[in-house]
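Since the structure comes first, as structure tokens, the remarks are kept for the end.
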Amino acid sequence: MCGIVGAIAEKNIVPVLIDGLLCLEYRGYDSAGLVISNKGLQRIRTTGRVAELAKKVTEHHTNGFAGIAHTRWATHGEPSERNAHPHISGHESRIAVVHNGIIENHEAMRKRLQAEGYQFESETDTEVIVHLIASNLKKTDSLLKAVSMSIAELQGAYAIAVMEEIHPERIVVARNGAPLLLGLGEDGNYAASDASALLKKTRDMIYLEDGDLAELYKDQYQIYQSKEGNLGQAITRPIHHSDLTSDDIDMGPYDHFMQKEIFEQPSAVANTLEMVFNAQSVSPGLFGSAAESIFEQTNGLLILACGTSYHAGLVARYWLETFAGIPCIVEIASEYRYRDPVADAHTLVVGISQSGETADTLAAMNYAKELGHLHSLSICNVAESALIRQTDLRFLTRAGPEIGVASTKAFTTQLASLLLLTIVLAKMRNRLSVEHEAKMIAALRHLPAALQSTLQIEPEAQEWSQQFSEKRHALFLGRGVHYPIAMEGALKLKEISYVHAEAYASGELKHGPLALVDSEMPVVAIAPNDQLLSKLKSNLQEVRARGGELYVFADADTQIEESDNLHVIRLAEHAGILSPILHTIPLQLLAYHVALVKGTDVDKPRNLAKAVTVE
Ligand code: M6R
Numbered sequence: 046m047c048g049i050v051g052a053i054a055e056k057n058i059v060p061v062l063i064d065g066l067l068c069l070e071y072r073g074y075d076s077a078g079l080v081i082s083n084k085g086l087q088r089i090r091t092t093g094r095v096a097e098l099a100k101k102v103t104e105h106h107t108n109g110f111a112g113i114a115h116t117r118w119a120t121h122g123e124p125s126e127r128n129a130h131p132h133i134s135g136h137e138s139r140i141a142v143v144h145n146g147i148i149e150n151h152e153a154m155r156k157r158l159q160a161e162g163y164q165f166e167s168e169t170d171t172e173v174i175v176h177l178i179a180s181n182l183k184k185t186d187s188l189l190k191a192v193s194m195s196i197a198e199l200q201g202a203y204a205i206a207v208m209e210e211i212h213p214e215r216i217v218v219a220r221n222g223a224p225l226l227l228g229l230g231e232d233g234n235y236a237a238s239d240a241s242a243l244l245k246k247t248r249d250m251i252y253l254e255d256g257d258l259a260e261l262y263k264d265q266y267q268i269y270q271s272k273e274g275n276l277g278q279a280i281t282r283p284i285h286h287s288d289l290t291s292d293d294i295d296m297g298p299y300d301h302f303m304q305k306e307i308f309e310q311p312s313a314v315a316n317t318l319e320m321v322f323n324a325q326s327v328s329p330g331l332f333g334s335a336a337e338s339i340f341e342q343t344n345g346l347l348i349l350a351c352g353t354s355y356h357a358g359l360v361a362r363y364w365l366e367t368f369a370g371i372p373c374i375v376e377i378a379s380e381y382r383y384r385d386p387v388a389d390a391h392t393l394v395v396g397i398s399q400s401g402e403t404a405d406t407l408a409a410m411n412y413a414k415e416l417g418h419l420h421s422l423s424i425c426n427v428a429e430s431a432l433i434r435q436t437d438l439r440f441l442t443r444a445g446p447e448i449g450v451a452s453t454k455a456f457t458t459q460l461a462s463l464l465l466l467t468i469v470l471a472k473m474r475n476r477l478s479v480e481h482e483a484k485m486i487a488a489l490r491h492l493p494a495a496l497q498s499t500l501q502i503e504p505e506a507q508e509w510s511q512q513f514s515e516k517r518h519a520l521f522l523g524r525g526v527h528y529p530i531a532m533e534g535a536l537k538l539k540e541i542s543y544v545h546a547e548a549y550a551s552g553e554l555k556h557g558p559l560a561l562v563d564s565e566m567p568v569v570a571i572a573p574n575d576q577l578l579s580k581l582k583s584n585l586q587e588v589r590a591r592g593g594e595l596y597v598f599a600d601a602d603t604q605i606e607e608s609d610n611l612h613v614i615r616l617a618e619h620a621g622i623l624s625p626i627l628h629t630i631p632l633q634l635l636a637y638h639v640a641l642v643k644g645t646d647v648d649k650p651r652n653l654a655k656a657v658t659v660e
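The numbering of the sequence shown is the working numbering, which starts it at 46 and goes up by one.
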């Protein structure tokens, strides 16, 4: 979703802005632009890629010591140069703004500003921000105060960066509900939507909080908390030294980030589980110092998440209810936030998110708190994200940066973390013997190696990909804990290859979807050798009897033989509790190779964004 980079330094900052935007490309965008201060504000925008913007910048010999830049993911108004940021207002002292988020009261604000005489050039909600600041700047001589007054009038989520033509020595930034951080460099100061954009310049970052405003100069910065339009006292925020290096966001020898991230899963899971590798048992403290007392009061779980993270929650429900005997509800965050659920104070709310910035998940977590849920836990891959900061308990998946829009290693590390949570809760509820816990921990220790060997099936998945690329639809079937894995497989395929795919619990086939089955509808089945295998086999017979073509991911000890219209890829022997994690790998590989055959943009599929920071 939109990305922001701002820079003010002792030397030309155009390369910093362009490099920063390139690093933010993964978030998803459809146009890009920048404003540089050099004898006035110089604006360049494009509907193409950042590379196109860089070309234009070179052609115009654009350079300067201060600038703000943006990648736009269209929400209000089509992707076009006119709608691309920065937006500019004012005549005598022009102002430029870049914005990430959505301004919900933009229609009312637009009417008011038009009545004041401001002319709108775009259809965006962002343009109201720049005119509003220009309007408020008539009432004060300080850009900082004008921004503070303006954000008090805005409803919605935003991260903004603002420049003023007559004061090129300063950039003002503000955030509320959308990510923004400051980077403190040796030769200048910077701002960006995420740390990856600034790693070539600095690893010293300050993560702004909601309501923060900051003024950046090349050699100093100051942060304020704005309340109802009043600038409070200057405040300090901690400086974090990022562990990331620019190599972490490098593709290395791979062709795509998604491919790299699929193959990084053994090490991502090993990092996430590092603390249990030498332990004989796991303790609640893994989830935070207050975890033991909170878990003691917990009588149920409510998991809130979106997309792939929601699928992780669905898998966890099977584990938590089976092993810990604790009731668990899993809800799509965007649905939960708009219904009237009955809250139980002692149901622990668990937010799962790779980015920790997904607007619907954050809003659903806040809503659960308003409804009376007392405690919350986040499972997240970004240490300084809004989600991690707002929950009582937290577990950081250590997958490393995930750049491909399709979530892969984030999902498997979420599952590994949720298995740890299951073990802890099962123990606390006296549902797990010492021996059983030791067995589960041993299984977790084996997980990285098991993932490594599962990745070996890649050539077989690649062989199947040609057939899928020729189809328009596919059905994915699973049962029990593997049903959410089928959902994840279908999401991966549609997301990156644009082949329409749906997942069903295979017992549901004859209640409707069987009508779709013919030779044009490949049917993928996840067939582990578990207690539901015989049921699944009967469902597969129903498909075969209707002329359907089956593609089965089976365990080595599953008795399913290849024949006409029945293709089998075998994993290792049944992996017990780890099985859903391992069965995810071939589905990721299949989707990846189908996308390659179809020639889609694997890492940046059309219309999608990595961090969905708007509703
Ligand atoms: O950052 P989050 O985990 O909160 O993101 C939620 C979804 O947007 C995300 O999982 C999405 O479904 C993935 N792109 C799917 O691969």
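Glycine residues also receive a C-beta, built at the ideal position from the N, C-alpha and C atoms.
For the ligand M6R, no non-hydrogen atom lies closer than 7 Å to the CB of residue 47. Listed as beta-bridge partners of residue 383 by DSSP are no residues whatsoever. Bridge partners of residue 258 according to DSSP: 219, 269. Judged by the Cβ position, residue 228 fails to qualify as a neighbour of the ligand M6R at the 7 Å threshold, every heavy atom of the ligand being at least this far. Bounds of the beta strand (DSSP E) holding residue 142 are 140 to 148.
In this structure, residue 112 sits near residue 80, with a CB-CB distance shorter than 8 Å. Cβ atoms of residue 280 and residue 464 stay farther apart than 8 Å, at about 40 Å. Between the alpha carbons of residue 499 and residue 91 lies a distance of about 43 Å. Under the DSSP assignment, residue 438 falls in the beta strand (DSSP E) whose first and last residues are 438 to 441. Look at the stretch 61 to 112 and you find these whole runs of alpha helix (DSSP H), each 4 residues long or longer: 95 to 104.
Annotation: the stretch 398 to 475 contains the following complete segments of the beta strand (DSSP E) (minimum length 3 residues), in chain order: 421 to 425, 438 to 441. Remark: the C-beta of residue 392 is outside contact range of the ligand M6R, defined as less than 7 Å to any heavy atom. The beta carbon of residue 355 sits closer than 6 Å to the beta carbons of 377 from its chain, once the five residues preceding and following it are set aside; these are given in chain order. Residue nearest to residue 403 within the set 440, 389, 62, 349 is 349 (criterion: CA-CA distance). Listed in chain order, the non-local C-beta contacts of residue 362 below 6 Å within the same chain comprise 373, 375, local neighbours out to five positions each way being set aside. Straight-line measurement puts the Cα of residue 412 at about 15 Å from the Cα of residue 437. In the three-state reduction of the DSSP assignment, residue 479 falls in the helix class, which pools H, G and I. Residue 251 is a Cβ neighbour of residue 227, given a cutoff of 8 Å. Around residue 491, the same chain offers 623 as residues with beta carbons nearer than 8 Å, after the five sequence neighbours per side are excluded. For residue 67, same chain residues with a beta-carbon under 6 Å away, outside a window of 5 residues either side, are 95 in chain order. In this structure, the beta-carbon distance from residue 537 to residue 599 does not fall below 8 Å. Exposed is the label assigned to residue 602, since fewer than 16 other Cβ atoms lie within 10 Å of its Cβ. It is roughly 17 Å from the alpha-carbon of residue 185 to the alpha-carbon of residue 161. Judged by DSSP in its simplified three-state form, residue 229 adopts strand.
From the listed residues 611, 89, 135, 100, the smallest Cα separation to residue 179 is found for 135. Under the 8 Å Cβ criterion, the stretch 156 to 173 does not count as touching the stretch 235 to 245, having fewer than three qualifying pairs.
Using a Cβ distance threshold of 8 Å, residue 337 and residue 329 count as a contacting pair. When DSSP states are grouped into helix, strand and coil, residue 637 belongs to the helix group. Per DSSP, the continuous beta strand (DSSP E) segment holding residue 53 begins and ends at 48 to 54. The criterion of a C-beta distance shorter than 8 Å is not satisfied by residue 51 and residue 83. In this structure, residue 659 and residue 120 form a Cβ contact; the two beta carbons are roughly 6 Å apart against a cut-off of 8 Å. For residue 252, the three-state secondary structure derived from DSSP is strand.
Contact check for residue 207 against residue 188 passes: the beta carbons are separated by less than 8 Å. Under the 10 Å beta carbon count, residue 302 is surrounded by 16 or more other beta carbons and is classified as buried. For a cut-off of 8 Å, the C-beta gap from residue 146 to residue 201 is around 6 Å, short enough to register as a contact. Of the residues assessed, residue 493 falls on the buried side of the cut-off, its CB having 16 or more other CB atoms within 10 angstroms.
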